[in-house]
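One point on numbering: in the working numbering, the residue at position 19 of the sequence shown is 176, and numbering is uninterrupted.
Just so it is clear, CB atoms sit at the ideal spot from N, CA and C, and this is done for glycine as well.
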Amino acid sequence: MISEDKTVYKIVIDAMGSDRGPEMIVAGAKLALERHPELAVCIVGDKDFLAGECEKQGICGERVEILHASDVITNYDSPAAAIFSKPDSSLVVALRALSERDDLVGLINAGSTGALLAGAVRFLSTPERTRPALAAVLPAADGSFTCLVDTGATIDCTASQLLHFARLGSDFMKSLYKLDSPRIGLLSNGAESTKGNALVKEAHGLLAVAEDLNFVGNIEGTGALSGSCDVLVCDGFAGNQVLKVSEGIAKRIITDIVKYAKKTGREDYMQLVGHLMALYDFNSLGGGIILGTRKPVIKAHGAANEASIMNTAGMLLNLAKNKQVFEA
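Put into structure tokens, the structure is as follows:
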């Protein structure tokens, strides 16, 4: 069934490039279709294989379209070069379709991050050709959410790029979370304005005088997920480390609680594990959002399972319904 307003949101899912194979992507698409009756999917990859897999998993019908692609971009390919040298790859076919077709509202890919970013620049740049940034929305300690940007799209940044990322993150949080004036923090090794490397100090000066931003100053790593800011700005190298270290620590804590529960027989602790998994497991969080494109694109974790694809589809559906942040 389609939702009462009859609006159908069709998303593109690149079935290739995932660590777990296209079978898992199809399984994730099935879960997403079951959860969201207003959703339709366009799955890209080898048509014969996908047709058989979709039939096997029982998701054939008017809500499922298969788009053929005869090639794949792998993590061993040069990201930028592959976008041009592999025009029949599933990623390029998916991006081209998203760019050209009005009925497609967004894209999920679990393959090469570099290739996805390069392709997003080529096919989905805004008229201003702003530099895309990769953002992650993470749960904060006070129950709110923090948009971490950039998380790996641009490793070596300039101060003006960090200012640009702050604006992208601010617009995103205004649109999706309805915040009137998102608080912008700058990741640094100290709260004082004099702390940080040369890049952070220069960026601090630009952010401090940006009248369109609600800049609250430097944020140390210990406060990254405290809820003290709505957008945390950093270069892609630092942001990627914050993201992965946070994920690693969460996994370690959850594993230790499970071991303790089994050792002591405290089965009630497993309720806590379930709560923490829902908050911090990457499969429940969805994926990284590319900001600065005409339509929403989400990079799912390479090792994502079907639940992660389902949750990522839900995130993309939410973005499509709040599309003003992606309007040119």
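Residue i, DSSP secondary structure in three states
i	result
I230	coil
K490	What is shown of the chain runs 158 to 485, which leaves residue 490 out entirely.
N375	strand
T283	coil
I159	Only weak support is given to the placement of I159: the predicted model assigns it a pLDDT of 42, under 50, and the question is left unresolved by the model.
G342	strand
L474	helix
S465	helix
S242	helix
L252	helix
L370	coil
G431	helix
G218	coil
S235	coil
G174	coil
S247	helix
E210	helix
E424	coil
Continuous beta strand (DSSP E) stretch holding residue i: start and end
i	result
K456	V454 to K456
N490	Look at the range of the chain in this structure, 158 to 485, and you will see that residue 490 is not part of it.
P296	A290 to P296
N406	Here residue 406 turns out to be Ile, not Asn, going by the sequence shown. Note, I406: premise wrong, no beta strand (DSSP E); alpha helix (DSSP H) at G393 to T421.
Same chain, Cβ closer than 7 angstroms to residue i, neighbours up to 5 away in sequence not counted
i	result
A237	A275
V415	V430
V357	L343 and S345
R253	F280
I230	G174, A239, K243, S246, L248, G268, S269 and A272
S327	P339, I341, L370 and V388
V278	P289
Bridge partners - residue i, DSSP secondary structure assignment
i	result
L224	V201
F526	This structure cannot settle anything about residue 526, because the visible part of the chain is limited to 158 through 485.
I446	A292 and I455
L196	Y166
Limits of the unbroken alpha helix (DSSP H) element including residue i
i	result
G380	Segment: none, G380 is in no alpha helix (DSSP H) and carries neither H nor E.
G459	No alpha helix (DSSP H) contains G459, which DSSP labels as neither H nor E.
L188	P179 to R192
L389	First-last for L389: V388 to V390, but that is the beta strand (DSSP E), not the alpha helix (DSSP H).
Residues near residue i by beta carbon distance below 8 angstroms, same chain, minus five either side
i	result
P179	A172, M173, G202, D203, F206, L207 and E210
E424	A418
I168	L196, A197, V198, C199, L261, V262, G263, L264, I265, A470, L473, L474 and A477
Own chain, CB closer than 6 angstroms to residue i, minus 5 neighbours either side, in chain order
i	result
E191	none
A418	Y426 and M427
D307	A290, L291, F322, G393 and G396
G384	A297, A298, D299 and S301
V294	F302 and C304
Residue i at chain B interface by Cβ criterion, 7 angstroms
i	result
K352	Within the model displayed, chain B is absent; a lone protein chain is all it includes.
(message) Could you tell me which whole beta strand (DSSP E) segments of length 3 or greater appear in the region 307-367?
(response) Runs of the beta strand (DSSP E) lying entirely within the region 307-367 and spanning at least 3 residues, in chain order: 340-344.
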